[in-house]
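**Q**
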Amino acid sequence: MKEWYSAKEAAGLPGLPGTERSVQRKADHDQAKAIPWEERKREGKGGGKEYFWRSLPTVTQEYLLNREIAAVTVSPSPLAASTSLSASLSPGESEPLLPTVIAEKAAETPEQLPEWRRIPMYARLALIRYLQNLEPAIGITKAIKQLVKEASNGTAPPEIQASIAQANARAGKERTLSESGVMAWWILSEKGQNPMNLAPKALPVKPLALWVPSFLACWRKGQNLPLTDVLENLKTKLPAGVPMPTYYQATGYLKTLGTVEREKGRMTGNAIANIKPHRRRTTEEMLPGDCYTADGHCNDAEWAHPFHGKPFRPEITPVIDVFSRKVVGWSIDLAESGLAVLDALRMACETFGPPAIFYTDNGSGFKNQMMTEAGTGMLHWLGIHPEYSRPRNPKAHGVSERAHQTILIRAAKELCTYIGADMDEDTKKLVYKKTRREVKDKENGASTSLSVRLLIEFDDGVAGINRAMERYNNTPHKGLPAVRDPQTQKRTHLTPNQAWDMGMEQMKRTRPENQWLQPANELPDLYHPKIIRTVQRGEIQMGTKRNGYVKRYYSADLTEFNKQKVFVSFSPSDPSKVWVRSMEDQRLLAVAKLDGNASEYFVKSHIEEKLEQRGVARLNRLEMQAEEIRLEMHGPERIQAAPAPYELEPETIATMAKVIELKRAKDAAPRLEQELRDNQHQLYDEILERQKAGEATAYECQWASHYAMTDRGKRFGLYRDDPWCEKDPERVQAAVM
Numbered sequence: 218m219k220e221w222y223s224a225k226e227a228a229g230l231p232g233l234p235g236t237e238r239s240v241q242r243k244a245d246h247d248q249a250k251a252i253p254w255e256e257r258k259r260e261g262k263g264g265g266k267e268y269f270w271r272s273l274p275t276v277t278q279e280y281l282l283n284r285e286i287a288a289v290t291v292s293p294s295p296l297a298a299s300t301s302l303s304a305s306l307s308p309g310e311s312e313p314l315l316p317t318v319i320a321e322k323a324a325e326t327p328e329q330l331p332e333w334r335r336i337p338m339y340a341r342l343a344l345i346r347y348l349q350n351l352e353p354a355i356g357i358t359k360a361i362k363q364l365v366k367e368a369s370n371g372t373a374p375p376e377i378q379a380s381i382a383q384a385n386a387r388a389g390k391e392r393t394l395s396e397s398g399v400m401a402w403w404i405l406s407e408k409g410q411n412p413m414n415l416a417p418k419a420l421p422v423k424p425l426a427l428w429v430p431s432f433l434a435c436w437r438k439g440q441n442l443p444l445t446d447v448l449e450n451l452k453t454k455l456p457a458g459v460p461m462p463t464y465y466q467a468t469g470y471l472k473t474l475g476t477v478e479r480e481k482g483r484m485t486g487n488a489i490a491n492i493k494p495h496r497r498r499t500t501e502e503m504l505p506g507d508c509y510t511a512d513g514h515c516n517d518a519e520w521a522h523p524f525h526g527k528p529f530r531p532e533i534t535p536v537i538d539v540f541s542r543k544v545v546g547w548s549i550d551l552a553e554s555g556l557a558v559l560d561a562l563r564m565a566c567e568t569f570g571p572p573a574i575f576y577t578d579n580g581s582g583f584k585n586q587m588m589t590e591a592g593t594g595m596l597h598w599l600g601i602h603p604e605y606s607r608p609r610n611p612k613a614h615g616v617s618e619r620a621h622q623t624i625l626i627r628a629a630k631e632l633c634t635y636i637g638a639d640m641d642e643d644t645k646k647l648v649y650k651k652t653r654r655e656v657k658d659k660e661n662g663a664s665t666s667l668s669v670r671l672l673i674e675f676d677d678g679v680a681g682i683n684r685a686m687e688r689y690n691n692t693p694h695k696g697l698p699a700v701r702d703p704q705t706q707k708r709t710h711l712t713p714n715q716a717w718d719m720g721m722e723q724m725k726r727t728r729p730e731n732q733w734l735q736p737a738n739e740l741p742d743l744y745h746p747k748i749i750r751t752v753q754r755g756e757i758q759m760g761t762k763r764n765g766y767v768k769r770y771y772s773a774d775l776t777e778f779n780k781q782k783v784f785v786s787f788s789p790s791d792p793s794k795v796w797v798r799s800m801e802d803q804r805l806l807a808v809a810k811l812d813g814n815a816s817e818y819f820v821k822s823h824i825e826e827k828l829e830q831r832g833v834a835r836l837n838r839l840e841m842q843a844e845e846i847r848l849e850m851h852g853p854e855r856i857q858a859a860p861a862p863y864e865l866e867p868e869t870i871a872t873m874a875k876v877i878e879l880k881r882a883k884d885a886a887p888r889l890e891q892e893l894r895d896n897q898h899q900l901y902d903e904i905l906e907r908q909k910a911g912e913a914t915a916y917e918c919q920w921a922s923h924y925a926m927t928d929r930g931k932r933f934g935l936y937r938d939d940p941w942c943e944k945d946p947e948r949v950q951a952a953v954m
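Rendered as structure tokens:
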């Protein structure tokens with residue numbers, strides 16, 4: 218082992234400065250504090266000083282020892298035989314169910330030894346090195362005697378004297394060395410040249426107690442019962458003859474288990490995975506557009522629904538570039554759906570470009586026909602390779618999960634309708650009641666000031682998410698490299714926008730132009746869902762309307778493609794047309810329109826005219842029915858005719874017409890009603906004449922019909938039809954009274 222080191226050789230070792238001059242200054246500084254470094258003049262060209270390795274700091278000494286030991290070929294030390302556990306198993310149980318007890322194992326390097334074995338090994342190795350320096354001059358026997366004598370007198374070098382107590386590895390008062398003990402260490406060190414033979418022997422593994430299997434069966438339950446309840450349940454689980462452990466015995470046994478082994482069964486899935494070692498994935502070799510990742514998130518604050526205004530939580534799906542952590546696209550929908558993911562990916566590809574890999578989970582929004590179907594899926598058309606994480610493994614989407622915390626949850630916490638787990642429960646209840654009261658007041662017609670409403674409108678929420686996305690893209694990200702600010706000279710992390718710009722510049726330097734990331738927005742139907750359909754006489758049938766009729770899209774350009782299968786692209790928001798492409802080379806064949814070959818069975822104006830006529834006839838029938846109902850309720854009115862000339866004056870006819878109109882409105886004056894009763898037979902005769910001319914109204918016809926059925930009307934009709942009535946109208950007037 219090299220024992221003397223120059224300042225240049227010691228620079229940079231653990232516990233020492235990194236430059237030669239700094240090591241010399243530290244040596245002088247320690248010398249001033251009465252911590253001398255053993256030194257000597259360096260031989261050879263250049264001169265200078267050399268320092269003994271035992272006078273260096275403790276950390277440096279341990280590093281040099283470990284480096285020396287690691288350079289020696291190490292053979293595994295035999296372990297003490299352990300007692301078989303099969304005897305402690307209860308009937309029906311197998312050995313793999315037992316836990317792994319943390320015991321001493323075969324260590325290949327000193328770093329794997331526990332401290333109580335490693336420190337004595339280093340101390341004994343220091344004594345052996347001291348004997349190796351004395352052996353050439355006086356022999357090993359005299360060297361050991363001299364070491365034992367110096368140890369008992371306290372005249373050994375300071376570093377050797379300090380190692381004597383540690384080499385004994387025994388508690389109690391200070392002990393010295395014995396010749397037999399030192400000789401045993403010398404022999405062990407010489408056997409195979411393995412310094413690890415100087416370490417104290419490992420303790421034998423104790424056999425498990427008989428109650429351990431039953432105890433673990435009660436302990437490893439998802440309810441996470443406290444130890445007192447576990448011991449209470451253990452009383453009924455122990456086999457006959459097995460003693461019951463005490464609380465302190467059970468506690469001591471649990472301390473012998475590792476953290477993962479102790480929580481096994483009490484924690485499962487992601488919970489126990491959080492305390493196990495994990496793998497970190499780096500993005501240093503990636504560039505923008507190499508991989509996009511996306512994951513849906515149900516908003517943690519309530520908004521007003523855009524349709525009915527009631528509280529709801531929208532589904533937000535951001536798409537993030539893995540290299541730069543930049544949000545390149547996002548969508549918002551009323552609920553989780555494949556169309557929301559499709560729209561978010563469309564925004565990312567149209568604005569920045571399609572990625573090489575799209576990394577998501579196995580949810581139905583990402584793994585569906587619109588996205589992954591061979592030939593029609595968007596990923597196929599854009600040349601994107603899908604990658605999916607293992608189910609129930611959210612740690613695989615750390616980039617998205619962290620972005621949800623930074624962007625969406627932070628934006629939700631700015632609203633008083635936040636309903637996350639860390640929201641105050643009482644405040645959450647008050648907000649819940651107030652928002653429901655606002656909706657109820659709105660339904661009842663009560664107005665609420667916009668300044669006091671708690672529920673924000675849907676458009677305001679979308680604007681808030683936009684601002685949060687922009688703020689995130691321009692904020693330093695701890696997952697990105699740090700650079701020195703030329704103005705403040707401080708190291709700050711890059712923002713996602715800065716990392717994206719730097720990555721794009723590097724892409725142009727290192728990759729050919731045909732591999733650069735370019736926006737994909739050449740085709741109008743590129744991001745529309747696609748299906749395969751067959752052309753039938755220029756038509757394509759696809760879906761149904763709200764009234765149940767089949768949707769038929771027609772184009773004359775499809776005439777020559779009868780009974781051929783084609784790709785059909787459709788817009789979820791515009792059902793008026795579809796894009797038809799060939800199966801071979803995806804060239805556009807036609808833009809077919811909904812009901813493009815449909816026409817009205819009759820001219821619309823002709824139908825409307827007949828509908829109006831039918832409506833007028835129905836109204837006339839309803840008026841006659843209403844008058845009949847009123848007559849059935851009150852009976853016909855008594856008519857008393859007054860003497861009057863047979864020829865009616867124009868003023869009288871105008872008065873009776875006015876009375877008829879007033880009677881239809883049900884607000885006739887009593888005086889006019891009396892005049893009507895006195896002149897009913899003249900009015901009846903006039904209405905008959907108007908009927909012949911086709912000028913009588915429906916109400917007048919109905920009144921004349923009822924009047925003819927009355928006794929007075931019958932008598933008037935009989936006398937009116939006689940020839941003499943024209944010669945003596947006064948007689949007719951007297952007969953009908």
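Per this note's numbering, the very first residue in the sequence shown carries number 218; after that it's consecutive. From the three backbone atoms N, C-alpha and C, an ideal C-beta is built for every residue, glycine too.
1) Since Leu344 and Ile377 are thought to touch, with beta carbons under 8 Å apart, how far apart are those beta carbons, to the nearest angstrom?
2) Provide the residue span of the beta strand (DSSP E) that contains Ile636, from first to last.
3) Start and end of the beta strand (DSSP E) containing Leu811?
4) Which residue or residues does DSSP assign as beta-bridge partners of Ala521?
5) If I follow the unbroken beta strand (DSSP E) through Glu549, where does it start and stop?
6) Can you tell me where the alpha helix (DSSP H) holding Gln732 begins and where it ends?
7) Specify, as a first and last residue, the run of the beta strand (DSSP E) that Lys782 falls within.
8) Note down the Cα distance separating Val767 from Asp812, rounded to an integer number of angstroms.
9) I need the straight-line Cα distance from Trp221 to Arg259, nearest angstrom please.
10) Take the Cβ of Ile187 as the centre, count every other Cβ of all protein chains shown within 10 Å, and call the residue buried at 16 or more, exposed below.
11) So, with DSSP's three-state summary, where would you put Met850?
12) Would you mind sorting His621 into buried or exposed? The rule is 16 or more other CB atoms within 10 Å of its CB.
13) Mapping the DSSP letters down to three states, classify Thr277 as helix, strand or coil.
14) So, with DSSP's three-state summary, where would you put Ile377?
15) I'd like to check one pair, Leu632 with Lys651: are the Cβ atoms closer than 7 Å?
16) Going by other Cβ atoms of all chains shown within 10 Å of its Cβ, with 16 needed for buried, is Asn516 buried or exposed?
17) Give the secondary structure of Tyr576 by DSSP, where H, G and I count as helix, E and B as strand, and everything else as coil.
18) Lys612: which of Gln753, Glu519, Ile492 sits nearest, CA to CA?
19) Exposed or buried, which one is Trp547 when buried takes at least 16 other CB atoms within 10 Å?
20) Between which two residues does the alpha helix (DSSP H) harbouring Tyr470 extend?
21) In this structure, how does DSSP classify Trp254 when only helix, strand and coil are distinguished?
22) Pro440 by DSSP, collapsed to three states: which one?
23) My output table needs one value for Ala511: the three-state DSSP class, helix, strand or coil.
24) Do the CB positions of Tyr509 and Pro572 come within less than 7 Å of each other?
25) Give me whichever residues DSSP pairs with Gly603 in a beta bridge.
26) Return the chain-ordered list of same chain residues with a C-beta closer than 7 Å to the C-beta of Ala638, the five sequence neighbours on each side being excluded.
27) Is the number of C-beta pairs between the segment 523-540 and the segment 590-602 that are closer than 8 Å three or more?
28) Which two residues bound the contiguous beta strand (DSSP E) that contains Ser581?
29) When every heavy atom of the ligand COA is checked, does at least one fall within less than 6 Å of the C-beta of Arg688?
30) Taking the CB atoms as reference points, tell me whether Ala521 and Thr634 lie closer together than 7 Å.
31) Report back the beta-carbon spacing between Ser786 and Ala809 to the nearest angstrom; my notes put them in contact at under 8 Å.
32) Grouping DSSP H, G and I as helix and E and B as strand, with all else coil, what is Leu302?
33) So the alpha helix (DSSP H) Glu367 belongs to, where does it begin and stop?
34) Look at the alpha carbon of Ala511 and the alpha carbon of Val795, and state the distance between them as a whole number of angstroms.
35) Can you give the Cα-Cα distance for Leu734 and Met719, rounded to whole angstroms?
36) How would you label Lys219, buried or exposed, when you count the other beta carbons within 10 angstroms and need 16 or more for buried?
**A** Looking at the atomic coordinates:
1) As a first step, residue 344 must be located in the sequence shown, where it is residue number 127. As a first step, residue 377 must be located in the sequence shown, where it is residue number 160. That pair is a contact at about 7 Å.
2) The sequence position of residue 636 within the sequence shown is 419, counting from 1. Run containing Ile636: none; DSSP gives neither H nor E here.
3) The residue labelled residue 811 in the question sits at position 594 within the sequence shown. Counting along the chain, the beta strand (DSSP E) containing Leu811 begins and ends at 805-811.
4) As a first step, residue 521 must be located in the sequence shown, where it is residue number 304. Answer is Pro528, bridged to Ala521.
5) Walking along the sequence shown from the start, residue 549 turns up at place 332. In the sequence as displayed, the identity of residue 549 is Ile instead of Glu. 544-550 is the extent of the beta strand (DSSP E) around Ile549.
6) The count along the sequence shown starts at 1 and reaches residue 732 at position 515. First-last for Gln732: undefined, no H or E at that position.
7) Numbered from its first residue, the sequence shown carries residue 782 at position 565. 782-788 is the span of the beta strand (DSSP E), which, as asked, contains Lys782.
8) Counting from 1 along the sequence shown, the entry for residue 767 is found at position 550. Counting from 1 along the sequence shown, the entry for residue 812 is found at position 595. Approximately 10 Å between the Cα atoms of the pair.
9) Position 4 of the sequence shown holds residue 221. Position 42 of the sequence shown holds residue 259. Each residue's alpha carbon lies about 9 Å from the other.
10) With the chain running from 218 to 954 in the structure shown, residue 187 is simply not present.
11) As a working note, residue 850 is residue 633 in the sequence shown. Met850 falls in the helix class under three-state DSSP.
12) For this step, residue 621 is matched to residue 404 along the sequence shown. Buried, because 16 or more other Cβ atoms sit within 10 Å of the Cβ of His621.
13) The residue labelled residue 277 in the question sits at position 60 within the sequence shown. Three-state result, Thr277: helix.
14) For this step, residue 377 is matched to residue 160 along the sequence shown. Of the three classes helix, strand and coil, the one that applies to Ile377 here is helix, per DSSP.
15) Here residue 651 corresponds to residue number 434 of the sequence shown, with the count starting at 1. Here residue 632 corresponds to residue number 415 of the sequence shown, with the count starting at 1. No, they are not a contact pair.
16) Here residue 516 refers to the residue found at position 299 when the sequence shown is read from its first residue. Classification of Asn516: buried, given that the 10 Å Cβ count is 16 or more.
17) Taking the sequence shown and counting its residues from 1, one reaches residue 576 at position 359. Strand at Tyr576.
18) As a first step, residue 612 is located in the sequence shown; it is residue number 395 there, counting from the start. For Lys612, the nearest C-alpha among the options comes from Ile492.
19) Walking along the sequence shown from the start, residue 547 turns up at place 330. Result: buried.
20) Here the question's residue 470 lines up with position 253 in the sequence shown. Where Tyr470 is concerned, the enclosing alpha helix (DSSP H) stretches over 464-473.
21) By one-based count along the sequence shown, residue 254 stands at place 37. Trp254: coil per DSSP, three-state reduction.
22) Counting from one through the sequence shown, the residue named residue 440 turns up at place 223. One point to set straight first is that residue 440 is Gln, not Pro, in the sequence displayed. Of the three classes helix, strand and coil, the one that applies to Gln440 here is coil, per DSSP.
23) The residue labelled residue 511 in the question sits at position 294 within the sequence shown. Here Ala511 sits in strand by DSSP.
24) Residue mapping note: residue 509 aligns to position 292 of the sequence shown, counting from 1. Residue mapping note: residue 572 aligns to position 355 of the sequence shown, counting from 1. For Tyr509 and Pro572, yes; Cβs fall inside 7 Å.
25) Position 386 of the sequence shown, counted from the start, is the residue given in the question as residue 603. Residue identity check: residue 603 is Pro in the sequence provided, not Gly. Pro603 is bridged to Phe575.
26) Sequence index remark: in the sequence shown, residue 638 carries index 421 (1-based). Hits under 7 Å: none found.
27) no
28) The residue you call residue 581 lines up with position 364 of the sequence shown. That residue, Ser581, is in no beta strand (DSSP E); it is neither H nor E in DSSP.
29) Looking for the ligand COA in the displayed structure turns up nothing, as the structure carries no ligands at all.
30) Locating residue 521 in the sequence shown gives position 304, counting from the first residue. Locating residue 634 in the sequence shown gives position 417, counting from the first residue. Going by C-beta atoms, Ala521 is not nearer than 7 Å to Thr634.
31) Locating residue 786 in the sequence shown gives position 569, counting from the first residue. Locating residue 809 in the sequence shown gives position 592, counting from the first residue. 11 Å between Cβ atoms; not a contact.
32) Translated into the one-based positions of the sequence shown, residue 302 becomes position 85. Residue confidence is low: Leu302 scores 31 on pLDDT, short of 50, so the model does not pin down where it sits. No coordinate-derived value is stated.
33) As a working mapping, residue 367 is identified with position 150 in the sequence shown. Counting along the chain, the alpha helix (DSSP H) containing Glu367 begins and ends at 357-370.
34) Here residue 511 refers to the residue found at position 294 of the sequence shown. Here residue 795 refers to the residue found at position 578 of the sequence shown. Answer to the nearest angstrom: the Cα atoms are 29 Å apart.
35) Within the sequence shown, residue 734 is the residue found at index 517, counting from 1. Within the sequence shown, residue 719 is the residue found at index 502, counting from 1. Approximately 13 Å between the Cα atoms of the pair.
36) As a first step, residue 219 is located in the sequence shown; it is residue number 2 there, counting from the start. Flag for Lys219 reads exposed.
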